[in-house]
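Engineer: At position 130 of the sequence shown the residue is numbered 454 (this note's numbering), and the sequence of numbers has no breaks. Ideal placement from N, C-alpha and C gives every residue a C-beta, glycine not left out. Note that the structure is a prediction, hence the values are computed from the model and not measured.
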Amino acid sequence: MSLSRIAAACLLAALALSQPARAQEPMLRGPWLGAGIGTASAAVNCDICSGDRNGGLSGYLAGGFTFNRSLRAGAELTGWLDNTDEVRQRLLLYGASLYWTPTPTASWYLKGGIGMLNYNADTTDDEEDDALGASTGALQLGVGYDFRAGSRLWLTPYANLIVSTSGNLTSGNSIVTDASFSLMQIGAGVTWR
């Protein structure tokens, strides 16, 4: 089964199991935890890179504090994995995000965040090759829709875009400057708050 079909099945399950949010819900405050899974398309841009986008499995773990119905903040670990043409690639984003709901009765939110993006690539057929690696700053923009699934449980289809600043891509003693990364992610998550 392809990753896009898995993501679509997760979104349909979230919609089927959810209940519409009630307008007279009490104000949400306090800690929250979340996790999600889906698919993503990533690209590495540099002088020696092919520039192709590769699809792969993606997900996140997050936690933080809800200040009021319109604003919550959290720390997040987002990851992407791909194994194409005997090359393993991994992107990890360690970051902080703000989630903003425009009105108290809205169920959708906008997300913005910053963090440190780590990239790693190596070949599966030659273990002695030096891996490619990079660490650079990144920005994250996202949107999601919260469906109430229980008294403290929410199901959320989401979409995120992560873009990095330019950094150095290194392999052993070789350095490629002006390397940048982008990740487009869709999936479904679960939040306890």
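Pairs of beta-carbons, one from the stretch 433–445 and one from the stretch 413–425, closer than 8 Å: are there three or more?
Structural biologist: yes
Engineer: With burial defined as no fewer than 16 other Cβ atoms inside 10 Å of the residue's Cβ, what is the status of residue 470: buried or exposed?
Structural biologist: buried
Engineer: Return the CA-CA distance between residue 458 and residue 365, expressed in angstroms with no decimal places.
Structural biologist: 18 Å
Engineer: Give me the Cβ distance between residue 358 and residue 382, rounded to the nearest whole Å; I'm assuming they're in contact under 8 Å.
Structural biologist: Contact between residue 358 and residue 382 does not hold, since their C-beta atoms are separated by about 15 Å, which reaches or exceeds 8 Å.
Engineer: Between the alpha carbons of residue 490 and residue 385, how many angstroms are there, rounded?
Structural biologist: 25 Å
Engineer: Could I get the ranges of all uninterrupted beta strand (DSSP E) runs contained in the stretch 466–494, with 3 residues as the minimum, in chain order?
Structural biologist: 477–488
Engineer: In whole angstroms, what separates the C-alpha of residue 493 from that of residue 429?
Structural biologist: Cα to Cα, residue 493 sits roughly 45 Å from residue 429.
Engineer: Hey, is residue 380 close to the ligand COA, as in C-beta under 7 Å from one of its heavy atoms?
Structural biologist: Annotation note on the ligand COA: not contained in the displayed structure, which lists no ligands.
Engineer: How should residue 406 be labelled, buried or exposed, when 16 other C-beta atoms within 10 angstroms of its C-beta is the threshold for buried?
Structural biologist: buried
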